[in-house]
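K.L.:
Supplied in structure tokens, the structure appears directly below.
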Amino acid sequence: MSKVIAVNSGSSSLKFQLFDMPSETVLTSGQAERIGQEMGTFTIKYNGEKHVKNLPLPDHKAAVNLLLKSLNDLGIVESLDEIKGAGHRIVQGGAYFSESVVVDEDVVEKVDELCELAPLHNPAHLVCYKAFKEALPEIGHVFVFDTAFHQTMGPESYLFPVPYDWYTQYKIRRYGAHGTSHWYVNRRTAEIMGKPVESLNMITCHLGNGASISAIRDGKCINTSMGLTPLGGIMMGTRSGDIDPTVVFYMMKKLECKPDEMDTFLNKRSGMLGVSGISSDARDIQAAVDEGNERAILTVDLYTNRVINVMGGYYMQLGHVDAIVFTAGLGENDATMRERVLKKLEEGMGLSIDYELNQTIHGKECKISRPDSKIEVYVIPTNEELVIARDTVRLLGL
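When we follow the working numbering, the leftmost residue of the sequence shown carries the number 990, and every step to the right adds one.
In structure tokens:
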């Protein structure tokens, strides 16, 4: 029996789950939020209870120390020596990493080099890793990359039609994201279907505030919607997704803004928030739709259109599709969004959906297609933390 901790850090947050392996029992979970702000929040769940503290969290090191102290104080572990490994989610692994790896100095240098491709994420991942390494110097660490699953794409999918030396000299290409999630739901769906993952074609839809869609043939990714960074692809909560590049140049002149300011517009002020003028949260937008708000209605129509355009393209690229899978915050919980998307695809893909069943599904595994559907359709909650824990155990030999 080994206890391993799965860590998912953002620029101002730290999420965690402590597993007892190999039983895969979650002993505790929680998160630190608003790290680096005047007042932070630390939440830890244990034995069915939620403990919440509001206190300053000046940096990730402080959050890590509070987390480890809480494990002791709540009796979740008698000693920190019980923790034998830590697995860390890393957003950007570039072309260096096609699978999870044990962390050493070379790995850290490569992840640091890739910070410019994920400036909101990779630096925070490294700070968090170093904080855990300092607090628990005797344990092994594993990096699990969001981009690794997508490394099986061919150049026809990952290259952009720009000067080729941009790729050879500057590594400009499609890397994708959410790979751990796409990998998990692909394997889990195959397991539920009772078929080898190597015999199935799927379209997996990780739809949340950040969102991506992947085409998977025989268990390998052949295309994914996010691009060089998580800004590319379909419309998201605050991100624009793919747009005509001329919009960037044109609006920079009109607004007399600098590249960093335009980056803020596209990453933080676009998407659902930008179009609706209401919120980046789909629940708020749906409430406005129910009230007849025209911009909210336009927002959900635009979002649906962007999603079905990608799914339709992947359907043609795959040749045939055995299953469509919805996961992540919207994918798992927003039944109305799923219905909008599936109704647009019904005729072209030969779908037959139990929409009454679909409306009852929130955050649980379920097949929502009928027996006569040409493609099976599932809702599968993602579990990136479990993948991280499994890879940590496997690679550290625990």
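Ideal Cβ positions, reconstructed from N, Cα and C, are used throughout, including at glycine.
Of the choices 1286, 1096, 1342, whose alpha-carbon is the least far from that of residue 1359?
P.N.:
Nearest option by C-alpha distance: 1342.
K.L.:
State buried or exposed for residue 1012, treating a residue as buried only when at least 16 other CB atoms are found within 10 Å of its CB.
P.N.:
Counting Cβ neighbours within 10 Å, residue 1012 comes out exposed, since fewer than 16 surround it.
K.L.:
So, residue 1306 versus residue 1202, is the Cβ gap smaller than 8 angstroms?
P.N.:
Cβ atoms of residue 1306 and residue 1202: not closer than 8 angstroms.
K.L.:
Determine the direct distance from the alpha carbon of residue 1192 to that of residue 1300, and round the result to whole angstroms.
P.N.:
Approximately 7 angstroms, taken between the alpha carbons.
K.L.:
Among the residues of its own chain, which have a CB less than 7 angstroms from the CB of residue 1161, if the five just before and after it don't count?
P.N.:
Taken in chain order, the residues that qualify are 1149, 1151, 1155, 1217.
K.L.:
Measuring alpha carbon to alpha carbon, tell me which residue in 994, 1227, 1014, 1010 is nearest residue 1020.
P.N.:
Comparing Cα positions, the closest option is 994.
K.L.:
By a C-beta neighbour count over all protein chains shown, 10 Å radius and 16 as the cutoff for buried, is residue 1238 buried or exposed?
P.N.:
Its Cβ having fewer than 16 others within 10 Å, residue 1238 is exposed.
K.L.:
Quick one, which of 1079, 1233, 1304 has its alpha-carbon nearest residue 1134's?
P.N.:
Minimum Cα distance to residue 1134 is reached at 1079.
K.L.:
Span of the beta strand (DSSP E) holding residue 1044?
P.N.:
Note, residue 1044: beta strand (DSSP E), 1038-1044.
K.L.:
Please give the ranges of any alpha helix (DSSP H) in the segment 1330-1380, keeping only runs that are unbroken, at least 4 residues long and fully inside the region.
P.N.:
Entirely contained in the segment 1330-1380, the alpha helix (DSSP H) runs reaching 4 residues are, in chain order, 1344-1347.
K.L.:
Please confirm if residue 1068 has its CB atom under 8 angstroms from at least one CB of chain B.
P.N.:
Protein chain content of the structure displayed is limited to a single chain, and chain B is not contained in it.
K.L.:
Give a yes or no on contact between the segment 1219-1234 and the segment 1346-1365, applying the rule of three or more CB pairs nearer than 8 angstroms.
P.N.:
Result no; under three Cβ-Cβ pairs closer than 8 angstroms.
K.L.:
Taking only three categories from DSSP, how would you classify residue 1143?
P.N.:
The answer is coil: DSSP assigns residue 1143 none of H, G, I, E or B.
K.L.:
In chain order, what residues of the same chain lie with their CB nearer than 6 angstroms to the CB of residue 1048, ignoring the 5 residues before and after it?
P.N.:
The answer is none, since no qualifying residue turns up.
K.L.:
Determine which residues share a DSSP beta bridge with residue 1130 and list them.
P.N.:
DSSP output for residue 1130 lists 1075 as bridge partner(s).
K.L.:
Under the three-state reduction of DSSP, which class applies to residue 1210: helix, strand or coil?
P.N.:
In this structure, residue 1210 counts as strand in the three-state DSSP scheme.
K.L.:
Going by DSSP in three states, residue 1157 sits in which element: helix, strand or coil?
P.N.:
Residue state, collapsed to three classes: helix.
K.L.:
Measuring straight from C-alpha to C-alpha, what distance separates residue 1189 and residue 1337?
P.N.:
So the two alpha carbons sit approximately 20 angstroms from each other.
K.L.:
Which residues share a DSSP beta bridge with residue 1203?
P.N.:
According to DSSP, residue 1203 bridges with 1193, 1213.
K.L.:
Taking the alpha helix (DSSP H) that residue 997 belongs to, which residues open and close that run?
P.N.:
Element bounds for residue 997: not the alpha helix (DSSP H) but the beta strand (DSSP E), 991-998.
K.L.:
Which residues share a DSSP beta bridge with residue 1004?
P.N.:
Paired residues: 997, 1020.
K.L.:
Closest by CA to residue 1327, which one among 1308, 1294, 1309, 1311?
P.N.:
If we check each option's Cα against that of residue 1327, 1294 comes out closest.
K.L.:
Taking C-beta to C-beta, are residue 1330 and residue 1296 nearer than 8 angstroms?
P.N.:
In this structure, residue 1296 lies closer than 8 angstroms to residue 1330 by Cβ.
K.L.:
Is the Cβ-Cβ distance between residue 1091 and residue 1131 less than 8 angstroms?
P.N.:
Yes. Within cutoff.
K.L.:
Quick check: what's the CA-CA separation for residue 1142 versus residue 1187?
P.N.:
Going from the Cα of residue 1142 to the Cα of residue 1187 covers about 16 angstroms.
K.L.:
Are residue 1348 and residue 1324 closer than 8 angstroms when you measure CB to CB?
P.N.:
Yes, these two residues count as a Cβ contact at 8 angstroms.
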